[in-house]
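All remarks here apply to the structure that follows.
Numbering (our numbering), first residue to last: 12 to 443.
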C-alpha cells in the first residue's frame with residue numbers, strides 16, 4: 012500500500028523535527044546524486060532574520076506576473092506541510108510530494124538527513140519535476156551551513172539581521188551577519204536590505220566578489236513619489252540612480268514591507284540579473300502578493316482579527332510600529348510562545364499596544380511555561396492578563412469579550428497562529 016504524505020511525516024517526526032545538524036554536505040551530495048550538478052532553473056535564495064517569508068512571496072508574485080513559472084519554498088508551515096512547497100502560488104499536490112519522498116528514500120544516505128534537510132531536498136525534487144523556471148528558496152537558519160545553501164544561488168537576497176538563534180549563529184549581529192552572508196557567491200547579483208545595515212555583509216561580499224547592492228547606499232525607500240494621474244492605490248517610492256519610481260504599496264500590512272519590497276525589486280531588476288522583470292510585473296506582483304500569518308486580517312463574528320507570527324524582538328518592534336494606529340475600540344492580545352524565544356523582551360516591546368491579554372500554554376515539547384509568560388507581562392506593567400488552558404480557549408475568551416470596534420491580535424509562535432488562523436481561513440472571510 013502506498014504511503015500518504017501523513018505517513019511519511021509521521022516517520023520523519025521520529026527523527027525529532029527540532030534536531031539541528033549544521034552543514035550542507037549531506038544535502039549537497041544527495042541532491043547531486045538525484046538531480047545532477049545544477050537545476051535547469053534560476054535559483055533565488057533569501058536569507059536574513061526577519062522579512063524572509065514576505066520577500067519570498069513578493070519575489071514569487073512579481074516573477075509570476077512577468078510570465079515565469081515559480082516554485083517557492085518556505086518554513087515553517089502553519090497547518091499543512093504542503094504550505095512549504097508552492098508552485099505558482101498553490102500548494103503542491105500530495106502525490107508530487109510522495110514521489111519526491113520515495114526517490115529520497117531510495118538513496119542509501121537519506122537516513123542521515125534531519126527533518127528540515129529532508130523537506131529541503133524534497134522541495135528541490137518537486138520543483139525539478141515540475142520544470143518551473145525559478146526556484147525561490149527561504150533559508151531556514153543562518154545561511155552558510157543551512158540545507159538550502161546546498162545549491163549555489165543565481166540571485167541572493169539578505170533581509171534585516173536580528174538577534175535570533177544565537178546559540179547556533181554566534182552572539183551579536185556581526186557574527187550572525189557573517190553566517191547569513193554564507194549564501195553569497197562570487198560574481199553573483201545580490202541585495203542586502205536592512206534599515207540598520209551590518210558591515211559584515213558588505214565585507215563578506217567584497218571578499219568573495221559578489222555584486223552586492225545595499226539599502227541606503229545603492230537604493231532607498233521614500234514616502235513620497237511622483238504618483239501618476241491614473242494611480243489610485245497607495246504608493247511608495249523606490250529611489251535608484253537619483254530617480255524615484257512610484258510603486259504600489261505591497262498588499263501586506265506594515266510600513267516595513269516597503270523595505271522588503273524595495274529589496275526584492277532591486278534584486279529582480281539588478282543590472283546583472285538573468286531575469287527579465289518589467290516595471291508592470293513589479294506593480295502587478297506587489298498588488299497581488301499574499302502571505303499567511305503576517306499581519307493578516309480576517310473577520311470573526313463582526314470583529315477584526317489579525318494574525319502575526321512575531322516571535323523575536325525585531326519582529327515585535329515591527330509589529331508595534333504597525334499597530335501605531337489605534338482601532339475604534341480596544342485591542343486584545345492572544346499570545347503564546349516557545350521557551351527558547353525572548354519572551355520578556357517581546358512582551359516589554361508590545362505591552363503598551365494592548366488593553367488586555369489572553370495567554371495559554373502550547374502543547375509542544377519546546378513550549379514556554381505559561382507562568383513565565385504571565386510573569387513577563389506583570390513585569391512589563393500589564394494590568395489585565397487572562398490565563399486559559401489552551402490557545403483555542405484563549406481565543407474564544409477574547410472573542411467573547413470583544414465588543415463592536417474592538418480588534419483581536421493573535422501572535423507569537425507558529426503553533427498558536429496556525430491552528431487559530433485555520434478556523435477563519437475561508438474564501439468567504441471578509442478581508443482575506
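By construction, the Cβ of each residue, glycine as well, lies at the ideal position given by its N, Cα and C atoms.
Problem set entry | Cutoff 7 Å; reference residue 413; Cβ partners in own chain excluding five residues on either side | 314, 343 and 419
Exercise. If we count the other Cβ atoms within 10 Å of its Cβ and call it buried at 16 or more, is residue 78 buried or exposed?
Worked result: By the 10 Å Cβ count, residue 78 comes out exposed.
Exercise. For the alpha helix (DSSP H) that contains residue 190, what are its first and last residues?
Worked result: 184 to 191
Problem set entry | Rounded separation between residue 372 and residue 336 - CA only | 29 Å
For this session: Kindly give me the distance between the Cβ atoms of residue 368 and residue 393, rounded to whole angstroms, as I take these residues to be in contact under 8 Å.
Result: In this structure residue 368 is in contact with residue 393, their Cβ atoms being roughly 6 Å apart against a cut-off of 8 Å.
Problem set entry | Same chain, Cβ closer than 8 Å to residue 197, neighbours up to 5 away in sequence not counted | 219, 220 and 221
Exercise. Taking Cβ positions, are residue 214 and residue 153 nearer each other than 8 Å?
Worked result: With respect to the 8 Å criterion, residue 214 and residue 153 are not classified as neighbours on the basis of their beta carbons.
For this session: Can you give me the Cβ contacts of residue 233 inside the same chain, cut-off strictly under 8 Å, excluding the 5 residues immediately before and after it?
Result: Cβ within range, chain order: 247, 248, 249, 250 and 255.
Exercise. Hey, would you say residue 202 sits closer than 8 Å to residue 88, going by beta carbons?
Worked result: No, the pair does not count as a contact, with Cβ atoms beyond the cut-off.
Exercise. How far does the alpha helix (DSSP H) with residue 430 in it reach, from first residue to last?
Worked result: 425 to 433
Problem set entry | Buried or exposed (CB count within 10 angstroms, at least 16 for buried), residue 81 | buried
Problem set entry | Identity of the residue in 226, 55, 14 and 65 nearest residue 286 by Cα | 55
Exercise. Looking only at C-alpha atoms, which of 272, 122, 118 and 137 sits nearest to residue 98?
Worked result: 137
Exercise. Straight-line CA distance for residue 443 to residue 44?
Worked result: The predicted position of residue 443 is uncertain, since its pLDDT is 47 and thus under 50; a value taken from the coordinates is nonetheless stated next. Cα-Cα distance, rounded: 42 Å.
Exercise. Exposed or buried, which one is residue 261 when buried takes at least 16 other CB atoms within 10 Å?
Worked result: buried
Problem set entry | Neighbourhood of residue 108 by C-beta distance below 6 Å, restricted to the same chain and skipping five residues each side | 16
Problem set entry | Whole-angstrom distance between residue 303 and residue 100, CA atom to CA atom | When rounded, the distance between both Cα atoms is 12 Å.
Exercise. Do residue 305 and residue 263 have their CB atoms nearer than 8 Å?
Worked result: Yes, the pair counts as a contact, with Cβ atoms nearer than the cut-off.
Exercise. Going by C-alpha distance, which of 323, 140 and 427 is nearest residue 374?
Worked result: 427
For this session: Please check the pair residue 42 and residue 162, which I expect to be a contact at CB under 8 Å, by giving their CB distance rounded to whole angstroms.
Result: 7 Å
Exercise. From residue 293 to residue 379, what does the alpha carbon distance come to, in whole angstroms?
Worked result: Straight-line spacing of the CA atoms in residue 293 and residue 379 works out to 41 Å.
Exercise. Residue 257 to residue 404, Cα distance in whole Å?
Worked result: 45 Å
Exercise. For residue 320, which three-state DSSP category applies?
Worked result: Residue 320: coil per DSSP, three-state reduction.
For this session: Output yes or no for whether 8 Å exceeds the beta carbon distance between residue 58 and residue 123.
Result: No, they are not a contact pair.
Problem set entry | Range of the contiguous beta strand (DSSP E) that encloses residue 311 | 307 to 311
Problem set entry | Start and end residues, alpha helix (DSSP H) containing residue 132 | 126 to 141
Exercise. Rounded to a whole number of angstroms, what is the C-alpha to C-alpha distance between residue 275 and residue 96?
Worked result: 20 Å
For this session: Using 10 angstroms around the beta-carbon of residue 147, count the other beta-carbons present and answer buried if the total reaches 16, otherwise exposed.
Result: buried
Problem set entry | Supposed contact pair residue 348 and residue 354 - C-beta distance, whole angstroms, cut 8 Å | 5 Å
Problem set entry | Nonlocal neighbours in the same chain, by C-beta distance under 6 Å from residue 105, ignoring five residues either side | 16
Exercise. Who pairs with residue 167 in a beta bridge, going by DSSP?
Worked result: 56 and 201, per the DSSP bridge assignment.
Exercise. What is the rounded straight-line gap between the Cα of residue 408 and the Cα of residue 399?
Worked result: 8 Å
Exercise. In whole angstroms, what separates the C-alpha of residue 13 from that of residue 110?
Worked result: 10 Å
Exercise. Could you give the C-beta distance for residue 283 and residue 200, rounded to a whole number, given that I count them as a contact under 8 Å?
Worked result: 4 Å
Exercise. With distances taken from CA atoms, which of 296, 385 and 46 is nearest residue 141?
Worked result: 46
Exercise. Taking all protein chains shown into account, do 16 or more other C-beta atoms lie within 10 angstroms of the C-beta of residue 235, making it buried, or fewer, making it exposed?
Worked result: Per the 10 Å Cβ criterion, exposed.
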